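Participant: Residue numbers (the working numbering): 8 to 419. Think of the CB as a built atom: it goes at the ideal place given N, C-alpha and C, for glycine as much as any other residue. All figures in this text were calculated on a predicted structure; none of them were measured in a lab.
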Amino acid sequence: MQIVSADVIVTSPDRNFVTLRVETDEGVVGLGDATLNGRELAVVAYLREHVVPLLIGRDPARIEDTWQFLYRSAYWRRGPVTMAAIAAVDVALWDVKAKVAGLPLYQLLGGASRTGLLTYGHASGKDLEELFDSIRAHQAEGYRAIRVQTGVPGLKSIYGIASNATFDGNAGKRYDHEPAQRGALPAEEDWDTRSYLRHVPTVFEAVRAEFGPELPLLHDGHHRMTPIQAAQLGKSLEPYDLFWLEDCTPAENQEALRLVRQHTTTPLAIGEIFNTVWDYQLIVREQLIDYVRSAVTHAGGITHLRKIMDYASQYQIKSGFHGPTDISPVGMAAQMHLGLAIHNFGIQEYMQHGEATDRVFRQSFTFTDGFLHPGDQPGIGVDLDLDEAARHPYEQAYLPYNRLADGTVHDW
Ligand code: EZ4
Ligand code: CO
8 MQIVSADVIV
18 TSPDRNFVTL
28 RVETDEGVVG
38 LGDATLNGRE
48 LAVVAYLREH
58 VVPLLIGRDP
68 ARIEDTWQFL
78 YRSAYWRRGP
88 VTMAAIAAVD
98 VALWDVKAKV
108 AGLPLYQLLG
118 GASRTGLLTY
128 GHASGKDLEE
138 LFDSIRAHQA
148 EGYRAIRVQT
158 GVPGLKSIYG
168 IASNATFDGN
178 AGKRYDHEPA
188 QRGALPAEED
198 WDTRSYLRHV
208 PTVFEAVRAE
218 FGPELPLLHD
228 GHHRMTPIQA
238 AQLGKSLEPY
248 DLFWLEDCTP
258 AENQEALRLV
268 RQHTTTPLAI
278 GEIFNTVWDY
288 QLIVREQLID
298 YVRSAVTHAG
308 GITHLRKIMD
318 YASQYQIKSG
328 FHGPTDISPV
338 GMAAQMHLGL
348 AIHNFGIQEY
358 MQHGEATDRV
368 FRQSFTFTDG
378 FLHPGDQPGI
388 GVDLDLDEAA
398 RHPYEQAYLP
408 YNRLADGTVH
418 DW
């Protein structure tokens with residue numbers, strides 16, 4: 008079999024998505040997600056200009072060889088743009104292979120290790136009342152684990168709080184929670200770590216008092232703390248028994264987590280902005296984390312994320328794959344198959360996409376009582392409606408950024 012075409016499709020139903028669509032001489036179609044939130048067109052150019060010409064005529068069955076060829080022949084390794092592009096090719100080829108075999112992808116990855124994937128949803132509110140309503144709404148939808156983010160007194164806008172979205176087709180509807188905003192410039196948010204560190208434990212105390220000790224609770228620090236501040240937060244949250252504290256430090260410096268780990272037993276999750284196993288090398292070997300936050304879409308596809316998870320498994324570290332709405336239905340489906348197959352699955356982040364997105368990407372996964380299952384359609388189980396996709400052209404959108412009270416740019 009040969010690859011005869013590889014097209015990069017950019018569509019913006021509720022938000023921007025970049026999809027690679029590979030087709031073989033036997034008419035088998037494979038899809039891969041290449042969406043890099045706020046920098047989408049860089050991956051489009053990388054694929055169209057430098058990768059697609061290399062795919063034509065290749066044998067789609069040679070997945071590992073294609074991965075190594077794209078990674079090593081570029082010479083310029085790693086990085087979010089490169090790894091998202093390679094991931095898209097990788098997932099598209101796994102989709103083709105599984106369709107040719109007539110099997111859902113998870114069967115080729117070793118078969119199901121569980122009956123479904125435990126998920127967590129994003130509850131948020133600017134104050135406790137709004138937050139409690141949001142937690143109850145998520146429980147009513149079936150979620151059994153909840154991420155909790157709230158406003159901080161004195162800060163105007165802050166990461167993680169759902170608002171009534173103004174996206175086309177979703178106007179006035181809550182769209183939990185999409186930080187990127189359409190427009191020519193990124194939005195500016197404000198930040199004060201000391202206020203945050205004082206406020207967050209009071210929120211978790213209130214949530215435990217209202218919802219009891221059983222409900223698994225998660226929190227995302229979104230890279231804003233220094234190691235010693237992160238250690239302080241981890242300690243102050245210990246009485247509330249978090250499932251995890253996510254991205255407490257930026258962790259480009261993996262050693263930063265040593266200090267955090269020395270001071271707290273709050274479980275740590277990190278890695279949504281990492282893109283290779285080398286970003287995890289030290290923190291896995293020294294057991295400085297508990298959960299891997301990478302997504303199939305940003306960490307080199309099924310082939311590479313599986314290697315990260317195999318490495319992590321030696322140290323009892325589990326998956327917590329990144330699953331915000333900027334992971335497309337194609338990327339979500341791919342990581343559902345991987346999560347179903349690996350032994351060291353932990354939890355899957357899951358936010359529902361908007362209705363317009365679901366019309367562009369026809370999906371076969373199920374979400375029942377808080378558990379996802381990718382379904383049993385051959386391949387990854389997603390079809391792309393090209394006509395629907397064409398109805399939603401790309402719209403520029405940026406993630407926000409932070410400034411401190413004195414005007415200094417801070418990690419967002
Ligand atoms: O900010 O997906 O855990 N989830 C997150 C997300 C990220 C966005 C960036 O594109 O941190 O909300
Ligand atoms: Co995060």
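Within its chain, find whatever has a CB closer than 8 Å to the CB of residue 163; leave out the 5 residues flanking it on each side and keep chain order.
Facilitator: Taken in chain order, the residues that qualify are 196, 197.
Participant: Pick helix, strand or coil for residue 78, following the three-state DSSP scheme.
Facilitator: Helix, per DSSP.
Participant: Find the nearest neighbour of residue 222 within the set 280, 27, 282, 142, judged by alpha-carbon distance.
Facilitator: The candidate whose alpha carbon is nearest that of residue 222 is 142.
Participant: When you compare each of 333, 271, 247 to residue 255 by their alpha carbons, which one comes out closest?
Facilitator: The residue with the shortest Cα to Cα distance from residue 255 is 271.
Participant: Using 8 Å as the threshold, is the region 153-163 in touch with the region 20-27, meaning 3 or more CB pairs across them?
Facilitator: In short, these stretches do not touch, since the Cβ pair count stays below three.
Participant: Regarding residue 282 and the ligand EZ4, is the C-beta to nearest heavy atom distance less than 6 Å?
Facilitator: No, the ligand EZ4 has no heavy atom inside 6 Å of this Cβ.
Participant: Quick one: what's got a C-beta closer than 7 Å to residue 217's C-beta in the same chain, skipping five residues either side?
Facilitator: So the list reads 139, once near-sequence residues are dropped.
Participant: Any residue with its C-beta under 7 Å from a non-hydrogen atom of the ligand NAP counts. Can you list them all in chain order?
Facilitator: Inclusion of the ligand NAP in the displayed structure is not the case, the ligand content consisting of the ligand EZ4 and the ligand CO alone.
Participant: Give a single yes or no on whether residue 223 has its beta carbon closer than 6 Å to a heavy atom of the ligand EZ4.
Facilitator: No, since every heavy atom of the ligand EZ4 falls outside the 6 Å radius drawn around the Cβ of residue 223.
Participant: Could you say which of 46, 14, 29 lies nearest to residue 333 if we only look at CA atoms?
Facilitator: Of the candidates 46, 14, 29, the one whose C-alpha sits nearest the C-alpha of residue 333 is 46.
Participant: How about residue 421: is its Cβ closer than 6 Å to a heavy atom in the ligand EZ4?
Facilitator: Examination of residue 421 is not possible in this model, given that the chain is present from 8 through 419 alone.
Participant: If I measure Cβ to Cβ from residue 53 and keep anything under 6 Å in the same chain, skipping five residues before and after, which residues do I get?
Facilitator: Counting only Cβ-Cβ distances below 6 Å, and skipping sequence neighbours, we find 88, 92.
Participant: What I want to know is whether the C-beta of residue 274 ends up closer than 6 Å to one or more non-hydrogen atoms of the ligand EZ4.
Facilitator: Every heavy atom of the ligand EZ4 is 6 Å or more from the Cβ of residue 274, so no.
Participant: In three-state DSSP terms, what is residue 367?
Facilitator: Helix.
Participant: In the DSSP output, which residue or residues are listed as bridge partners for residue 29?
Facilitator: The partner list for residue 29 (beta bridge, DSSP) reads 13, 37.
Participant: If you drop the 5 nearest sequence neighbours on each side, which residues of the same chain put their C-beta closer than 6 Å to that of residue 175?
Facilitator: Residue placement at residue 175 is flagged as unreliable, the pLDDT there being 40, under the threshold of 50; the coordinate-derived value follows with that caveat. Cβ within range, chain order: n/a, list empty.
Participant: Leaving out the 5 sequence neighbours to the left and right, which residues in its chain are closer than 6 Å to residue 102 when beta-carbon positions are compared?
Facilitator: Cβ neighbours of residue 102 beyond the five flanking positions: 37, 38, 386, 387.
Participant: Using only the heavy atoms of the ligand EZ4, determine whether one of them is closer than 6 Å to the beta carbon of residue 186.
Facilitator: Yes, the Cβ of residue 186 comes within 6 Å of a heavy atom of the ligand EZ4.
Participant: Here's the rule I'm using: 16 or more other beta-carbon atoms within 10 Å means buried, otherwise exposed. How should residue 131 be labelled?
Facilitator: Counting Cβ neighbours within 10 Å, residue 131 comes out buried, since at least 16 surround it.
Participant: Would you check if the distance between the CB atom of residue 395 and the CB atom of residue 416 is smaller than 7 Å?
Facilitator: Taking 7 Å as the Cβ cut-off, residue 395 and residue 416 do not qualify as a contacting pair.
Participant: Can you look up residue 306 in the DSSP assignment and give me helix, strand or coil?
Facilitator: Residue 306: coil per DSSP, three-state reduction.
Participant: Just to confirm the assignment: which complete alpha helix (DSSP H) runs, minimum length 4, are found wholly within the region 299-356?
Facilitator: Listed in chain order, they are 308-320, 336-348.
Participant: Could you pull the DSSP bridge partners for residue 285 from this structure?
Facilitator: Answer by DSSP bridge pairing: none, since residue 285 is not bridged.
Participant: Heavy atom of the ligand EZ4 less than 6 Å from the Cβ of residue 21, yes or no?
Facilitator: It does not: the Cβ of residue 21 is nowhere closer than 6 Å to a heavy atom of the ligand EZ4.
Participant: What's the C-alpha gap between residue 239 and residue 70?
Facilitator: One C-alpha to the other measures close to 45 Å.
Participant: Considering only the alpha carbon of each residue, which of 350, 349, 354, 336 lies closest to residue 361?
Facilitator: Ranking the options by Cα distance to residue 361, first place goes to 336.
Participant: Measure from the alpha carbon of residue 155 to the alpha carbon of each residue in 127, 24, 148, then state which is nearest.
Facilitator: Residue 155 has its Cα closest to that of 127, out of 127, 24, 148.
Participant: Contact between the region 314-326 and the region 102-111: three or more CB pairs below 8 Å?
Facilitator: Segments in contact, no.
Participant: Please determine, among 308, 265, 280, 300, the residue with the shortest C-alpha to C-alpha distance to residue 292.
Facilitator: Considering only alpha carbons, the answer is 265.
Participant: Closer than 6 Å: is that where the CB of residue 331 sits relative to any heavy atom of the ligand EZ4?
Facilitator: Yes.
Participant: Exposed or buried, which one is residue 225 when buried takes at least 16 other CB atoms within 10 Å?
Facilitator: Looking at its Cβ environment, which holds 16 or more other Cβ atoms inside 10 Å, residue 225 is buried.
Participant: Taking the Cβ atom as the reference point for each residue, do residue 125 and residue 354 lie within a distance shorter than 7 Å?
Facilitator: Cβ atoms of residue 125 and residue 354: closer than 7 Å.
Participant: DSSP three-state label for residue 251, please.
Facilitator: Correct three-state label for residue 251: strand.
Participant: Under the three-state reduction of DSSP, which class applies to residue 89: helix, strand or coil?
Facilitator: Three-state result, residue 89: helix.
Participant: What does the Cβ neighbour count give for residue 404, buried or exposed, with the cut at 16 atoms within 10 Å?
Facilitator: With 16 or more other Cβ atoms within 10 Å, it is buried.
Participant: When DSSP labels each residue in this structure, what does residue 142 get in the three-state scheme?
Facilitator: Residue state, collapsed to three classes: helix.
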